[in-house]
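Residue numbers (the UniProt record's numbering): 1 to 73.
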Amino acid sequence: MYRHHVVRFSRLIYETSRFSESDLLLIVRSTDCYSPRYRAAALRHLVMGAPLSVTLGRPFAERRRLVRVHYAA
1 MYRHHVVRFS RLIYETSRFS ESDLLLIVRS TDCYSPRYRA AALRHLVMGA
51 PLSVTLGRPF AERRRLVRVH YAA
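Laid out in structure tokens, this is it:
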């Protein structure tokens with residue numbers, strides 16, 4: 001059961017990899033249009049692509065919070 005969720009989330013990450021940064025921001029900010037998992041996958045790409053001046057070399061959970069603040073998402 002757990003594997004199914006991991007595979008499904010991995011597929012969402014793959015699907016959102018083709019979007020530009022502005023499209024990813026739109027997805028993350030649109031709470032009414034997209035599912036929470038889809039927005040989390042888009043946010044993961046924003047976190048991985050964020051500059052070091054934003055993420056400060058922190059662990060992923062903290063980088064995610066810093067990126068949300070930086071992009072006002």
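All residues carry an ideal CB built from backbone N, CA and C; glycine is no exception.
- Between L46 and V67, the CB-CB gap stays under 8 Å.
- With respect to the 8 Å criterion, L56 and R37 are not classified as neighbours on the basis of their beta carbons.
- For P36, the uninterrupted alpha helix (DSSP H) run begins and ends at P36 to G49, by DSSP.
- Linking S30 to S22 through their CA atoms gives a straight-line distance of about 12 Å.
- Closest by C-alpha distance to H5, out of M48, F60, R58 and A41, is A41.
- Here V69 is exposed, its C-beta having fewer than 16 other C-beta atoms within 10 Å.
- Spatial neighbours of Y71 in its own chain (CB-CB distance under 8 Å, excluding positions within 5 residues in sequence) are listed in chain order as L25, V28 and L46.
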